[in-house]
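Here is the structure we will look at, set down as structure tokens.
In our numbering, the protein residues as written are 10 to 290.
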């Protein structure tokens with residue numbers, strides 16, 4: 010396990026859950042899936058002893074029971090965030106869970122891979138910083154969780170963008186059973202036939218897909234974005250399926266080439282679909 014003194018680090022899920030229990034944290038971001046409880050009392054006590062030993066080893070809580078200063082901030086944000094981006098990445102063999110959370114101007118980025126979780130207190134001053142962080146996470150193909158893991162510059166799939174109502178696109182594509190049907194459906198929705206074939210063939214070779222949902226908590230109410238941002242990595246290139254809200258309130262999805270710039274734009278448009286349409290002010 011790696012832990013830095015000021016910004017965060019990596020710890021196993023059981024230890025983080027135990028830290029939260031000792032410090033009175035009763036809620037966690039749903040996307041991180043930290044709510045598992047062992048019904049076997051003996052086994053649970055044994056697990057707590059092991060976790061307490063790790064907490065002491067990492068000096069997360071000192072002998073007087075005081076947590077590390079940065080940990081106070083991290084848990085404060087994760088326990089009751091005002092805004093969240095829930096990020097789920099699916100591959101053939103794994104699910105990576107991420108959460109960018111904000112409370113009172115403080116930001117925490119947490120990423121769970123298997124039974125370990127990386128937590129970082131991050132400085133984000135504007136939407137550009139948020140977009141850059143999410144873009145890097147979405148294009149990061151490293152699987153070892155290290156800060157220096159490589160970023161694969163996957164090429165965007167080249168085709169003309171298509172925008173249509175989200176519910177209509179989902180309904181029509183959901184009825185397709187073959188690549189040919191997908192291509193014909195995209196053509197009917199307005200995509201040129203040559204591009205429709207390109208996109209349909211790419212959809213048949215998906216290697217990894219990331220879904221991002223924006224969440225707002227305000228005055229005791231939780232609101233989720235009406236659409237999810239999809240970043241789809243295929244063997245032929247990357248595709249973005251980004252939601253946006255039209256002036257009449259209807260949610261549209263735009264399929265476009267998955268460049269880093271477009272990912273950043275799509276994150277901003279996703280946040281704008283929340284009722285108040287903003288991340289922080």
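Using N, Cα and C, we set each Cβ at its ideal position, and we do this for glycine too.
Between the CA atoms of residue j and residue i - distance to the nearest angstrom
| i | j | result |
| --- | --- | --- |
| residue 73 | residue 65 | 11 Å |
| residue 61 | residue 32 | 12 Å |
| residue 98 | residue 78 | 31 Å |
| residue 201 | residue 81 | 54 Å |
| residue 287 | residue 216 | 32 Å |
| residue 17 | residue 193 | 49 Å |
| residue 249 | residue 276 | 11 Å |
| residue 37 | residue 109 | 12 Å |
| residue 148 | residue 120 | 14 Å |
| residue 233 | residue 69 | 33 Å |
| residue 207 | residue 27 | 49 Å |
| residue 283 | residue 253 | 10 Å |
| residue 291 | residue 138 | Within the shown structure, residues of the chain are numbered from 10 to 290, placing residue 291 beyond reach of any answer. |
| residue 223 | residue 285 | 12 Å |
| residue 104 | residue 83 | 23 Å |
| residue 199 | residue 178 | 11 Å |
| residue 220 | residue 251 | 10 Å |
| residue 100 | residue 218 | 7 Å |
| residue 257 | residue 174 | 12 Å |
| residue 196 | residue 42 | 40 Å |
| residue 49 | residue 63 | 21 Å |
| residue 132 | residue 185 | 44 Å |
| residue 279 | residue 30 | 33 Å |
Cβ neighbour criterion (16 or more within 10 Å) applied to residue i
| i | result |
| --- | --- |
| residue 153 | Summary for residue 153: the model assigns pLDDT 41, below 50, so the residue's position carries little reliability, and this model does not support an answer. |
| residue 230 | exposed |
| residue 116 | buried |
| residue 58 | exposed |
| residue 95 | buried |
| residue 93 | buried |
| residue 44 | exposed |
| residue 102 | exposed |
| residue 189 | exposed |
| residue 55 | exposed |
| residue 158 | In this predicted model, residue 158 has a pLDDT of only 45, less than 50, meaning its place in the structure is not dependable enough to derive any value. |
| residue 52 | exposed |
| residue 267 | buried |
| residue 144 | buried |
Rounded distance between the beta-carbons of residue j and residue i, thought under 8 Å
| i | j | result |
| --- | --- | --- |
| residue 204 | residue 168 | 4 Å |
| residue 263 | residue 211 | At roughly 16 Å, the Cβ-Cβ gap does not stay under 8 Å, so residue 263 and residue 211 are not in contact. |
| residue 265 | residue 170 | 4 Å |
| residue 166 | residue 85 | Wrong, their Cβ atoms sit about 41 Å apart, outside the cutoff. |
Top-ranked residue by Cα proximity to residue i, from the options
| i | options | result |
| --- | --- | --- |
| residue 226 | 87, 219 and 24 | 87 |
| residue 22 | 264, 274, 272 and 125 | 125 |
| residue 259 | 212, 172, 274 and 246 | 172 |
| residue 128 | 101, 223, 42 and 107 | 107 |
| residue 187 | 178, 176, 179 and 209 | 209 |
| residue 34 | 90, 20, 166 and 235 | 90 |
| residue 163 | 196, 139 and 241 | 241 |
| residue 281 | 237, 219 and 246 | 237 |
| residue 214 | 278, 247, 185 and 141 | 247 |
| residue 269 | 196, 181, 183 and 140 | 140 |
| residue 134 | 144, 111, 145 and 267 | 111 |
| residue 67 | 228, 279, 25 and 185 | 25 |
Interface flag, residue i vs chain D, CB-CB below 7 Å
| i | result |
| --- | --- |
| residue 250 | No chain D appears in the structure shown, which is made up of a single protein chain. |
Mind listing, in chain order, the continuous beta strand (DSSP E) runs of no fewer than 3 residues lying wholly within the stretch 113–179?
115–122, 125–131 and 171–174
Could you tell me which uninterrupted beta strand (DSSP E) segments, each at least 3 residues in length, are contained entirely in the stretch 14–90, listed from first to last along the chain?
17–21
Within the stretch 196–279, note down every full alpha helix (DSSP H) run reaching 4 residues or more, in order along the chain.
202–212
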